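J.:
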Amino acid sequence: MHYEVEVNGRPRQVDVTRTADGFAVVVDGRRRQVDVARIDANTLSLLIDGAAAAGGDRPGRDGRCASHEVAISRPAASGGPLTVFVGTAPVVVTLDGGRRRQAALGHRAAIGSDAALRVIAPMPGKVIRVLVAAGDAVRLRQPLVVVEAMKMENELRAGRDGHVAAIHVREGVSVDAGTLLIELK
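Note that the numbering used here gives residue 142 to position 96 of the sequence shown, counting from 1, and the numbers run on in steps of one.
1) Name the DSSP bridge partner or partners of Leu226?
2) Applying the 10 Å Cβ sphere with the 16-neighbour rule, what's the burial state of Thr63?
3) Would you grab the beta carbon distance between Ser119 and Gly224 for me? Rounded to a whole angstrom, and I think it's under 8 Å.
4) If you follow the beta strand (DSSP E) that Glu201 is part of, which residue opens it and which one closes it?
5) If distances are taken between C-alpha atoms only, which option among Asp207, His209 and Val221 comes closest to Val192?
6) Can you tell which of Arg84, Leu230, Asp67 and Val60 has its C-alpha closest to the C-alpha of Ala210?
7) DSSP state of Val60, grouped into three classes?
8) Go through its chain and collect everything with a Cβ distance to Ala156's Cβ below 7 Å, but skip five positions before and after it.
9) Ignoring anything shorter than 3 residues or poking outside the stretch 165-195, list the beta strand (DSSP E) runs there in chain order.
10) Using a Cβ-Cβ cutoff of less than 8 Å, which residues in the same chain neighbour Gly171 once the five nearest sequence positions on both sides are dropped?
11) Look up Ala87 in the DSSP assignment and say whether it is helix, strand or coil.
12) Could you give the first and the last residue of the continuous beta strand (DSSP E) run that contains Ala70?
13) Are the CB atoms of Val51 and Asp61 nearer to each other than 7 Å?
14) With a cut-off of 8 Å on the beta carbons, I'd call Thr129 and Ile166 a contact; round off their distance for me.
15) Closest to Ala204 by CA distance: which of Met169, Arg164, Cys111 and Glu217 is it?
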């Protein structure tokens, strides 16, 4: 399958083909072998080989694979941009970006204005610490909440400057992947 994808506003050409041991994924001409396992409805575990040689099927020079947990936050509007968390890093992704460029530009403009920004749990876990209170001013990349998952503490940070509009969790509660934790304005 061929896709036009915008990743943080940058257009990418992606081809995905099922193979015997996962998927062959070609992004802008660079081929990777990807093994995918579903963790829950919104979370995937990916094993990605090293940078394969052009047209080759082998892992990178060191023979290692990269492991990534990816959580997908569904958009409010059908066909809108997705927020994909690779680990705890948010990435805005739009499928068929060329055809939806205007919608994506409108979404980025809204984020730059007073639109709410949602902080979503990237994986199932337990809220260890809430580091802000409703009404607090926050800066880009400021830690907001700490979620423990798989015996690791994940510090979730603000995606932009703003104010805390609402906190939807408290310390000690368990959350599923995709749970709304904090809203910023």
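Ideal placement from N, C-alpha and C gives every residue a C-beta, glycine not left out.
These numbers were taken from a predicted model, which means no experiment stands behind them.
T.: Based on what the coordinates show:
1) Ile166
2) exposed
3) 6 Å
4) Met198 to Arg203
5) Val221
6) Residue identity differs from the one stated: residue 210 is Val in this sequence, not Ala. Considering only alpha carbons, the answer is Leu230.
7) strand
8) Only weak support is given to the placement of Ala156: the predicted model assigns it a pLDDT of 39, under 50, and the value that follows is read from those uncertain coordinates. Contacts found: none.
9) 171-176 and 189-195
10) Val193, Glu194, Ala195, Met196, Asn200, Ser220 and Val221
11) coil
12) Gly68 to Val73
13) no
14) 7 Å
15) Arg164
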